[in-house]
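Participant: Protein chains in written order, with this note's numbering: chain A, 1 to 138; chain B, 1 to 138. My questions all concern the structure below.
Number of protein chains: 2
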Amino acid sequence: MEFNNIEKFDPSSCIAGKVMRIKRITANIFRKHLAPYHITDSQLTLMFVMSKKRSMTQKQMSEMVFLEKSSLSRNLTRLIDRKLIHKTGPHQIEITTDGLYFVENIIPIWEKAMNEIREKIGEQGEHSLSTVYTSITA
Amino acid sequence: MEFNNIEKFDPSSCIAGKVMRIKRITANIFRKHLAPYHITDSQLTLMFVMSKKRSMTQKQMSEMVFLEKSSLSRNLTRLIDRKLIHKTGPHQIEITTDGLYFVENIIPIWEKAMNEIREKIGEQGEHSLSTVYTSITA
DNA sequence: AATTTAATGTTGTATATACAACTATTACTG
DNA sequence: CAGTAATAGTTGTATATACAACATTAAATT
Chain A
1 MEFNNIEKFD
11 PSSCIAGKVM
21 RIKRITANIF
31 RKHLAPYHIT
41 DSQLTLMFVM
51 SKKRSMTQKQ
61 MSEMVFLEKS
71 SLSRNLTRLI
81 DRKLIHKTGP
91 HQIEITTDGL
101 YFVENIIPIW
111 EKAMNEIREK
121 IGEQGEHSLS
131 TVYTSITA
Chain B
1 MEFNNIEKFD
11 PSSCIAGKVM
21 RIKRITANIF
31 RKHLAPYHIT
41 DSQLTLMFVM
51 SKKRSMTQKQ
61 MSEMVFLEKS
71 SLSRNLTRLI
81 DRKLIHKTGP
91 HQIEITTDGL
101 YFVENIIPIW
111 EKAMNEIREK
121 IGEQGEHSLS
131 TVYTSITA
């Protein structure tokens with residue numbers, strides 16, 4: 001056979017392929033719920049972290065969310081423009097009062113998105129996801 | 001308390017947050033392995049599907065990989081420019097012979113990336129990922 | 001304290017992704 | 001068969017992401 005590797009392998013076993021598809025599906029669900037509030041899933045993650053920690057460096061945030069520093073820098077730009085976050089020094093970002101209210105109010109919406117995903121993946125799926133997450137971030 | 005929702009909730013429970021982080025981590029591993037061959041994880045998924053099916057419509061592909069038609073259209077542009085895929089009609093894309101050889105040769109590299117991820121998530125993690133994938137795509 | 005070194009953050013460039021609006025193709029219907 | 005409706009695919013625009021190169025700030029060394 002000319003293409004032995006192709007014959008033998010099973011594309012559906014690809015881990016990255018599965019992760020990408022899961023990501024697209026979950027992002028679509030979240031987008032649908034969050035769009036009216038003009039915030040994205042990625043931005044919301046940053047806001048959630050900030051709402052708990054209140055203040056930190058970009059380096060710290062970048063490590064917490066596994067986001068490259070340049071990507072983080074650009075995502076923050078949009079949140080800073082909206083005054084949900086501000087810079088209190090060269091190496092310090094802080095959530096604003098507006099930011100705290102925003103998170104406070106978006107949590108019920110976020111819960112709706114979470115529930116829609118839970119309906120799809122179930123208790124089992126949610127637990128399995130945690131297993132993957134724990135092992136890959138260990 | 002002023003921010004009751006914030007106090008109560010646990011950002012680390014966010015499904016989308018976990019999925020995004022897992023996605024960044026796996027994409028980084030794949031990127032590292034695939035970069036020398038000038039192909040991305042997303043493009044490789046398309047090539048993998050094409051290597052098995054040989055020919056299909058964009059609509060079919062879009063449903064198989066859960067990718068919006070416009071995103072697919074643009075990703076295909078790059079593969080068509082490289083002559084790994086070509087259009088055989090208005091609604092038909094086909095893998096080229098070059099494309100088949102490309103996939104045949106990249107599979108061993110792909111296996112290295114897969115193994116690096118497997119080292120992190122283990123048998124358990126790989127199985128858990130499949131569980132999530134099956135349920136969310138059901 | 002001044003200069004060098006290291007760490008942190010930003011900007012240039014490229015791909016990925018989605019929605020909305022448009023174009024092109026195919027399918028239906030009279 | 002012609003005209004319309006439906007489906008498929010492309011383009012405009014915006015955010016997300018990463019690497020490389022640059023700029024800025026902090027730390028270390030003399």
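We put the CB at the ideal spot given by N, CA and C, even for glycine.
Reducing DSSP to helix, strand and coil, say where histidine 33 of chain A ends up.
Facilitator: Taking the first residue of the first sequence as position 1, residue 33 of chain A is located at position 33. Looking at histidine 33 of chain A - three-state DSSP - the assignment turns out to be helix.
Participant: Check glutamate 68 of chain A in the structure and name its three-state DSSP category.
Facilitator: In the first sequence, counting from the first residue as 1, residue 68 of chain A sits at position 68. Here glutamate 68 of chain A sits in coil by DSSP.
Participant: Check the Cβ-Cβ distances between phenylalanine 102 of chain B and every residue of chain A, and say whether any is below 8 Å.
Facilitator: Residue 102 of chain B sits at position 102 when you count from the first residue of the second sequence. Not one chain A Cβ lies under 8 Å of phenylalanine 102 of chain B.
Participant: Beta-carbon of isoleucine 93 of chain B versus every beta-carbon of chain A: anything under 8 Å?
Facilitator: Start at 1 with the first residue of the second sequence, and residue 93 of chain B comes out as number 93. No, no contact with chain A.
Participant: Taking C-beta pairs closer than 7 Å, name the residues in chain B that proline 11 of chain A reaches, listed in chain order.
Facilitator: As a position in the first sequence, residue 11 of chain A is number 11, starting the count at 1. Simply Phe48, Val49, Lys52.
Participant: Compare the C-alpha of proline 90 of chain A against each of A:Lys59, A:Leu67, A:Ile106, A:Leu100 and name the closest.
Facilitator: Position 90 of the first sequence, counted from the first residue, corresponds to residue 90 of chain A. Selected option, being the one with the closest Cα: A:Lys59.
Participant: Any residues in the region 118-134 of chain B with a beta carbon nearer than 9 Å to a beta carbon of chain A? Which ones, in chain order?
Facilitator: Residues Arg118, Lys120, Ile121, Gly122, Gln124, Gly125, Glu126, His127, Ser128, Leu129, Ser130, Thr131, Val132, Tyr133, Thr134.
Participant: Assess, as a yes-or-no matter, whether the region 8-16 of chain B is touched by the region 51-70 of chain B under the definition of 3 or more beta carbon pairs within less than 8 Å.
Facilitator: The region 51-70 of chain B, when compared against the region 8-16 of chain B, does not touch it at the 8 Å Cβ threshold.
Participant: Within 8 Å, do at least three Cβ pairs link the region 124-137 of chain A to the region 19-27 of chain B?
Facilitator: Yes, the region 19-27 of chain B touches the region 124-137 of chain A.
Participant: Can you give the Cα-Cα distance for threonine 88 of chain A and glutamine 124 of chain B, rounded to whole angstroms?
Facilitator: Position 88 of the first sequence holds residue 88 of chain A. Position 124 of the second sequence holds residue 124 of chain B. Going from the Cα of threonine 88 of chain A to the Cα of glutamine 124 of chain B covers about 44 Å.
Participant: For histidine 86 of chain A and glutamate 68 of chain B, I'd like the C-alpha separation in whole angstroms.
Facilitator: For the purposes of this step, residue 86 of chain A is taken as residue 86 along the first sequence, with counting starting at 1. For the purposes of this step, residue 68 of chain B is taken as residue 68 along the second sequence, with counting starting at 1. So the two alpha carbons sit approximately 34 Å from each other.
Participant: Measuring CA to CA, which of A:Ile107, A:Phe3, A:Leu44 is closest to leucine 84 of chain A?
Facilitator: As a first step, residue 84 of chain A is located in the first sequence; it is residue number 84 there, counting from the start. Nearest C-alpha to leucine 84 of chain A: A:Leu44.
Participant: Can a CB atom of chain A be found closer than 8 Å to the CB of asparagine 5 of chain B?
Facilitator: The sequence position of residue 5 of chain B within the second sequence is 5, counting from 1. Yes, asparagine 5 of chain B counts as interfacial toward chain A.
Participant: Any C-beta of chain B sitting closer than 8 Å to the C-beta of threonine 57 of chain A?
Facilitator: The residue given as residue 57 of chain A occupies position 57 in the first sequence. No - not a single Cβ of chain B is within 8 Å of the one on threonine 57 of chain A.
Participant: Within 8 Å of any Cβ in chain B, is that where the Cβ of alanine 27 of chain A sits?
Facilitator: On the first sequence, position 27 is the one that residue 27 of chain A refers to. Judged by the 8 Å Cβ criterion, alanine 27 of chain A is in contact with chain B.
Participant: Compare the C-beta of isoleucine 85 of chain B against all C-beta atoms of chain A and say whether one is closer than 8 Å.
Facilitator: As a working note, residue 85 of chain B is residue 85 in the second sequence. Not closer than 8 Å to any Cβ of chain A, the Cβ of isoleucine 85 of chain B fails to qualify, so no.
Participant: Since isoleucine 107 of chain A meets chain B, which of its residues come closer than 8 Å, beta carbon to beta carbon?
Facilitator: Walking along the first sequence from the start, residue 107 of chain A turns up at place 107. Asn5, Ile6, Phe9, listed in chain order.
Participant: Taking the continuous beta strand (DSSP E) assigned at histidine 38 of chain B, which residues delimit it?
Facilitator: Taking the first residue of the second sequence as position 1, residue 38 of chain B is located at position 38. Segment: none, histidine 38 of chain B is in no beta strand (DSSP E) and carries neither H nor E.
Participant: In chain B, which residues lie with their C-beta within 7 Å of the C-beta of leucine 67 of chain A?
Facilitator: As a first step, residue 67 of chain A is located in the first sequence; it is residue number 67 there, counting from the start. Per Cβ cutoff of 7 Å: Arg24.
Participant: Please report how far the alpha carbon of serine 51 of chain B lies from the alpha carbon of glutamate 2 of chain A, in whole angstroms.
Facilitator: Reading the second sequence from its first residue, position 51 is the one you call residue 51 of chain B. Reading the first sequence from its first residue, position 2 is the one you call residue 2 of chain A. Their backbone Cα atoms lie some 13 Å apart in a straight line.
Participant: Can you have a look at serine 128 of chain B and say buried or exposed, based on whether 16 or more other CB atoms are within 10 angstroms of its CB?
Facilitator: Stepping through the second sequence from its first residue, residue 128 of chain B is reached at position 128. Answer is buried; the Cβ neighbour count reaches 16.
Participant: Keeping to the same chain, check which residues put their C-beta closer than 6 Å to that of histidine 33 of chain A; ignore five residues upstream and five downstream.
Facilitator: On the first sequence, residue 33 of chain A is found 33 positions in, with the first residue counted as 1. So the qualifying residues of the chain are Ile109, Lys112, Ala113.
Participant: Kindly indicate which three-state DSSP category threonine 88 of chain B falls into: helix, strand or coil?
Facilitator: Looking up residue 88 of chain B in the second sequence gives position 88. Looking at threonine 88 of chain B - three-state DSSP - the assignment turns out to be strand.
Participant: Comparing alpha-carbon positions, which option in A:Asn5, A:Asp98, A:Ile121 lies nearest arginine 54 of chain A?
Facilitator: Translated into the one-based positions of the first sequence, residue 54 of chain A becomes position 54. For the residues A:Asn5, A:Asp98, A:Ile121, the minimum Cα distance to arginine 54 of chain A belongs to A:Asp98.
Participant: Under 8 Å by Cβ, that's how I've got aspartate 41 of chain A and methionine 20 of chain B pegged, so tell me the actual separation to the nearest angstrom.
Facilitator: To locate residue 41 of chain A, count along the first sequence from 1; it is residue 41. To locate residue 20 of chain B, count along the second sequence from 1; it is residue 20. So it is a contact: roughly 7 Å between Cβ atoms.
Participant: Cα separation between leucine 72 of chain A and leucine 79 of chain A?
Facilitator: Translated into positions along the first sequence, residue 72 of chain A becomes position 72. Translated into positions along the first sequence, residue 79 of chain A becomes position 79. Rounded to the nearest angstrom, the two C-alpha atoms are 11 Å apart.
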